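There are 2 protein chains.
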Amino acid sequence: MTRSDLISLIRRKRSFLCIGLDSDLSKIPPHLLDDEDPVFAFNKAIVDATHELTVAIKPNFAFYESRGILGFASLEKTIRYVNDRYSGELFTIADAKRGDIGNTSEQYARAVFDITSSGMEFDAVTVAPYMGEDSVKPFLSYPGKWIIVLALTSNKGAMDFQFFSDGKRRLFEQVLIRSAAWGSPENMMFVVGATQAAMLADIRKIVPGHFLLVPGVGAQGGSLEEVGRFGLNHDCGLLVNSSRGILYSSTGKDFAEKARSEAIRMQNEMAGILASGGL
Amino acid sequence: MTRSDLISLIRRKRSFLCIGLDSDLSKIPPHLLDDEDPVFAFNKAIVDATHELTVAIKPNFAFYESRGILGFASLEKTIRYVNDRYSGELFTIADAKRGDIGNTSEQYARAVFDITSSGMEFDAVTVAPYMGEDSVKPFLSYPGKWIIVLALTSNKGAMDFQFFSDGKRRLFEQVLIRSAAWGSPENMMFVVGATQAAMLADIRKIVPGHFLLVPGVGAQGGSLEEVGRFGLNHDCGLLVNSSRGILYSSTGKDFAEKARSEAIRMQNEMAGILASGGL
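Line by line, the protein sequences give chains G and P.
This note's numbering puts the first residue of the first sequence at 7, with every later residue one more than the last.
This note's numbering puts the first residue of the second sequence at 7, with every later residue one more than the last.
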């Protein structure tokens, strides 16, 4: 999906909501456990109930890998379903935090972008910057595909290394500056946690035009209003993720309906933020 | 596997060789392509031919994920085979470079350590440090299991962020110092690329007792002699990886035999290094 298609989607849906499919077999409604593939059934119901309200979905690979081949099958079925049923309607993010030496990152890129190789095709993948340019570049060789580089994350451990400073700038700022040069706002985004909303003002000075993927609203305590205030740019430039807050609104048969209610609540707030930003 | 078991293995086999199973369908001998699972057949032949000469094997997850479910099946079969056939004889490393917020790293840990959940169980997993303590700790909650933290990698991109300095120390040194406090030499190792062999002297000042996993000998240009000279400690403290240099010594029917010859060559050199270190 191109940047202009993504922006159109945001304007049309009045939303910059991303739903994180952190789909955990031990947390989904018990009645689904009779299904042949409970996690796929759960994902399908969530996506069907929320697709008009969201612009992106983000399966979190860990929750699938933890179940081995069965989990991998649920993941593959989910992305195939979304690509078939909602083509062009949902921006799809492989949340995998990958990154390794060049010849290995080439293989990770095939895993998420080359359907003829892996059976899966996403629009974007999250990547870890620690190993530098050649660990990231192989993902950028796919036209129309995106990478989303970890910059400032939403967890407590973000303090351990991301604020390490050379006196002029902190590591996350160094990551933004350096890695922005490897791609463009047409094929790169950055992860900036909502728990760091006040930092968004500093970050916007470095990457005014890029989209930011913002996790941490809801269960992790970040504020959507603050994210909008400090992070919105003239193209919106935000994808705000919610996972647990939407997925597990109910463990009853009404789980999809309750997920939809929570997505409506967030979409309404987002429509207000977009309007106040003149979008 | 405990640290003392690993050290015993090194002393007995006179080797600190790790074979990286970067098994690529497009590079394995063509006659294997008729097999039901060519990559598993390849891995099995390589491990059977080299197990007496090596102390560790390291499947590189990217090469399996790139083939989707089929690749995942080859990976699972490989680790099951090694655990069944060579239990206690080979230290097994999931080379996956994982790391995410706590609840997600818990799932990644299940993927590589909890056989009842994922069908796979390794002795160790490689982890990326960028997201800090809570992204790493969930992997340490499994008794007898290890994490191997990226410190200084073997690729050109290592220069981009790992040498970022606060004036007192560089990021990779900060990673060594901080993360060493999250575990102990009994459950943590660090990745240090062989292309950075001269840095091993500095690194040994910070982590004198830890094992180091050293990639980059062979195809990437690192020198085994230098790694031994700067990195060996009183328990050996080294696992030196070779992937392409061993795996693809031949594309003929003699591939396993040729791989064995290359492993013998490395094991001989390692036996010399161990002897000269009084081990």
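Idealized CB from N, CA, C, for every residue including glycine.
Computed from a predicted structure; not experimentally measured.
Residue burial annotation: N49/P is buried, with at least 16 other C-beta atoms found within 10 angstroms of its C-beta.
Taking C-beta atoms as the reference points, K83/G and F46/G count as a pair closer than 8 Å.
Nearest in C-alpha terms to S229/P, of all of I99/P, I75/P, I279/P, is I279/P. Between the C-alpha atoms of M194/G and L96/P there is a straight-line separation of about 41 Å. Taking CB atoms only, P135/P has a neighbour in chain G less than 8 Å away. For the 8 Å CB-CB criterion, E139/G and G138/P do not form a contact. For M126/P, the closest Cβ of chain G is nearer than 8 Å. I183/G and G108/G have their C-alpha atoms spaced approximately 21 Å apart. Among the residues facing chain G, F167/P is included, as its CB has a counterpart in that chain under 8 Å away. For a Cβ distance threshold of 8 Å, nothing in chain G lies close to N49/P: the least Cβ distance comes to about 16 Å. Only those residues of the stretch 177-211 of chain G whose C-beta falls short of 7 Å from the nearest C-beta of chain P are listed: L177, Q180, V181, R184.
Rounded to the nearest whole angstrom, the CA to CA distance from R250/P to P221/P is 11 Å.
Fully contained in the stretch 174-223 of chain P are the following beta strand (DSSP E) runs of length 3 or more, in chain order: 194-198, 217-220.
For G138/P, there is no enclosing beta strand (DSSP E), as DSSP marks it with neither H nor E.
No Cβ-Cβ contact shorter than 8 Å links G199/G with H216/G.
When secondary structure is reduced to three states using DSSP, L280/G falls in the helix class.
Interface residue (Cβ-Cβ distance to chain P less than 8 Å): I75/G is classified as such.
Note on D40/P: under 16 other CB atoms within 10 angstroms of its CB, so exposed under the neighbour-count rule.
Close to chain G, meaning a Cβ-Cβ distance shorter than 9 Å, are the following residues of the stretch 81-115 of chain P: E82, D101, A102, K103, R104, G105, D106, I107, G108, N109, T110, S111, E112, Q113, Y114, A115.
In the assembly as shown, S190/P is an exposed residue. Its beta-carbon has fewer than 16 other beta-carbons within 10 Å. Taking the beta carbon of N161/G as reference, the chain P residues within 8 Å of it are I107, G108, M137, G138, D140, S141, listed in sequence order.
Taking every protein chain shown into account, the CB of K259/P has fewer than 16 other CB atoms within 10 angstroms, so this residue is exposed.
Here M7/P is buried: its Cβ has 16 or more other Cβ atoms, across all protein chains shown, within 10 Å.
The beta carbon of F170/P sits closer than 8 Å to some beta carbon of chain G.
Secondary structure of A100/G (DSSP, three-state): strand.
Counting along the chain, no beta strand (DSSP E) covers I13/P; the unbroken alpha helix (DSSP H) around it starts and ends at 9-19. Any Cβ of chain P closer than 8 Å to the Cβ of G173/G would place that residue at the interface, and such an atom is present. With three or more CB-CB distances shorter than 8 Å, the stretch 66-74 of chain P counts as touching the stretch 102-116 of chain G. According to the DSSP assignment, V155/P belongs to the beta strand (DSSP E) that extends over 152-158. In this model, R271/P and E263/P are separated by some 12 Å (Cα to Cα).
Straight through space, the alpha carbons of I154/P and V197/P are spaced by roughly 6 Å.
Where A62/P is concerned, the enclosing beta strand (DSSP E) starts and stops at 62-65.
Going by beta carbons, V133/P and F119/P fall outside the 8 Å limit.
Taking the Cα of L12/P as reference, the smallest distance to any Cα among G150/P, G77/P, R176/P is reached at G150/P.
Measuring C-alpha to C-alpha distances from I16/P to each of S123/P, N239/P, S256/P identifies N239/P as the nearest. CA-to-CA, the gap between R73/G and V131/G works out to about 21 Å.
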